[in-house]
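In the numbering used here, the protein residues as written are 25 to 81. Remarks on the structure that follows.
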Amino acid sequence: MQKDVSALAPSNMKIRIVAPPERKYAVWIGGSILSSLATFQSMWISKQEYDESGPSI
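Shown next, in the form of structure tokens:
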């Protein structure tokens with residue numbers, strides 16, 4: 025990524041890429057936040073509903 029960004033930036037600009045270790049949980053954290061919003065409550069299903077219908081629900 026450093027190489028790609030450096031190729032796009034002016035040659036006198038110093039590029040520094042920082043990748044925090046918790047990035048591997050970013051999708052889980054984002055999904056957790058999104059699912060906690062009131063607008064998504066109507067999309068929730070119970071374990072029983074999932075067990076009855078499976079992933080096609």
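Don't be surprised by glycine CBs; every beta carbon is placed ideally from N, CA and C.
Rounded straight-line distance, which links the Cα of residue j to that of residue i
i	j	result
Met-67	Glu-46	28 Å
Gln-65	Tyr-49	23 Å
Backbone secondary structure at residue i - three-state DSSP
i	result
Leu-61	coil
Trp-52	helix
Met-67	helix
Pro-34	coil
Val-29	helix
Close Cβ partners of residue i (< 6 Å) along its chain, the five nearest in sequence each way excluded
i	result
Met-25	Ile-41
Neighbourhood of residue i by C-beta distance below 7 Å, restricted to the same chain and skipping five residues each side
i	result
Ile-81	Ile-69, Glu-73 and Tyr-74
Nonlocal neighbours in the same chain, by C-beta distance under 8 Å from residue i, ignoring five residues either side
i	result
Ala-33	Ile-39
Cutoff 8 Å: residue i Cβ touching any chain D Cβ
i	result
Gly-55	The structure shown has no chain D; it contains just one protein chain.
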